[in-house]
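Below is one structure; the comments refer to it alone.
Numbering (our numbering), first residue to last: 44 to 376.
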């Protein structure tokens with residue numbers, strides 16, 4: 044394992060990416076457009092998590108959801124959260140959704156000239172659920188990738204660590220401004236979920252041909268994992284309290300402004316992707332969202348939370364069925 048870590052830090056590979064055309068920005072949030080060169084079937088808005096950067100959707104030429112969608116005839120609109128600690132409207136869930144996500148979605152829909160297909164990854168799916176219920180006219184279909192919804196259990200390691208983190212934030216001395224949750228703290232938080240796998244993956248990496256495409260793929264994924272932004276303490280507390288402590292989504296008591304975020308009220312077609320080996324979002328948690336939405340379609344690929352986008356089998360197990368589902372909805376509408 045130690046040799047694998049040394050190999051990673053000494054590896055010369057750096058991914059080169061070309062951003063789409065910047066359509067709009069406000070605060071730290073930017074909206075990029077990636078047009079298809081095929082006959083356009085529709086458009087998809089991509090909403091990443093806050094914890095890691097939006098580059099997950101276009102990691103490498105052969106690991107790129109954006110490139111696959113463009114090749115299939117779909118324009119892509121990508122939301123990039125930037126550096127949330129430097130954006131006053133990313134301090135709470137309500138302001139992030141109402142003053143950042145929804146304006147970006149409105150710009151994308153207006154540019155496209157029609158309601159959007161939209162995809163939310165992990166906590167990005169929670170944001171998408173809220174946005175779709177607040178502004179129903181913006182969205183045509185919804186896709187949720189590994190999106191947690193029921194936070195009731197509290198028995199898994201993620202829930203227990205989340206509650207420990209919340210306790211730390213709450214116990215901040217009166218009058219003392221809580222520090223942002225640093226990217227390094229977030230890495231430690233998630234490393235605790237996968238300690239055994241981390242050791243194995245670096246041992247495997249050490250045995251690879253360091254000039255091989257597989258080694259470069261490994262470095263690209265690790266760089267993405269290690270390059271997340273710091274998060275505002277107030278936003279972290281808002282998420283942990285509303286979701287993990289009070290389970291507001293699972294109890295259908297989450298409100299964004301005056302809107303109740305009740306997924307049973309979603310009326311557009313929905314695809315839920317529930318990876319079977321997800322250690323970050325327990326299956327019961329993601330399944331709760333899928334089961335709450337009438338007529339929701341399930342996709343259960345044999346992969347993990349990150350592998351559903353970055354693994355060599357993702358194209359066959361996730362991306363191809365997703366595009367097939369989008370094509371079907373396009374024909375039905």
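By construction, the Cβ of each residue, glycine as well, lies at the ideal position given by its N, Cα and C atoms.
Here residue 165 carries a coil assignment [DSSP, helix/strand/coil]. When Cβ pairs closer than 8 Å are counted between the two stretches, the segment 178 to 191 is seen to touch the segment 156 to 168, the count reaching three or more. Going by C-alpha positions, residue 62 is about 8 Å away from residue 77. Here the alpha carbons of residue 172 and residue 165 stand approximately 11 Å from one another. Nearest in C-alpha terms to residue 58, of all of 296, 267, 302, is 267. Distance check between residue 56 and each of 259, 335, 279, 337 places 259 closest, using alpha-carbon atoms only. Residue pairing from DSSP places residue 68 in a beta bridge opposite 73.
Residue 188 has its alpha-carbon roughly 12 Å from the corresponding atom of residue 323. If the five residues before and after residue 343 are omitted, its C-beta is found closer than 7 Å to the C-beta atoms of 317, 319, all from its own chain and listed in chain order. Judged by DSSP in its simplified three-state form, residue 194 adopts coil rather than helix or strand.
Taking each of 53, 304, 357 in turn and checking the Cα distance to residue 336, the smallest one comes out for 304. The beta-bridge partner set that DSSP reports for residue 298 consists of 303.
For the pair of segments examined, the segment 111 to 125 was found to touch the segment 89 to 98: the number of CB pairs separated by less than 8 Å reaches three. It is roughly 13 Å from the alpha-carbon of residue 83 to the alpha-carbon of residue 366. Across the structure, residue 142 and residue 353 are spaced so that their CA atoms are roughly 31 Å apart. Straight across, the Cα-Cα distance linking residue 299 with residue 255 is about 47 Å. DSSP places residue 109 in the uninterrupted alpha helix (DSSP H) bounded by 108 to 114. Residue 119 sits in a strand when the DSSP states are folded into three classes. Residue 64 has its alpha-carbon roughly 31 Å from the corresponding atom of residue 282. If only complete runs of 4 or more residues are kept, the segment 321 to 345 shows the alpha helix (DSSP H) at 326 to 335, in order along the chain. Setting aside the 5 residues that flank it on each side, residue 293 is surrounded in the same chain by 192, 193, 194, 195, 331, each with a C-beta closer than 7 Å to its C-beta; the list follows chain order. Residue state for residue 140 is assigned as helix, using DSSP reduced to three classes. Distance check between residue 349 and each of 68, 240, 135, 372 places 240 closest, using alpha-carbon atoms only. Contact annotation: residue 66 and residue 150 have beta-carbon atoms nearer than 8 Å.
For the 8 Å CB-CB criterion, residue 102 and residue 263 form a contact. Annotation for residue 249: 46, 47, 50 place their beta carbon closer than 7 Å to its own, counting only its chain and skipping 5 residues before and after.
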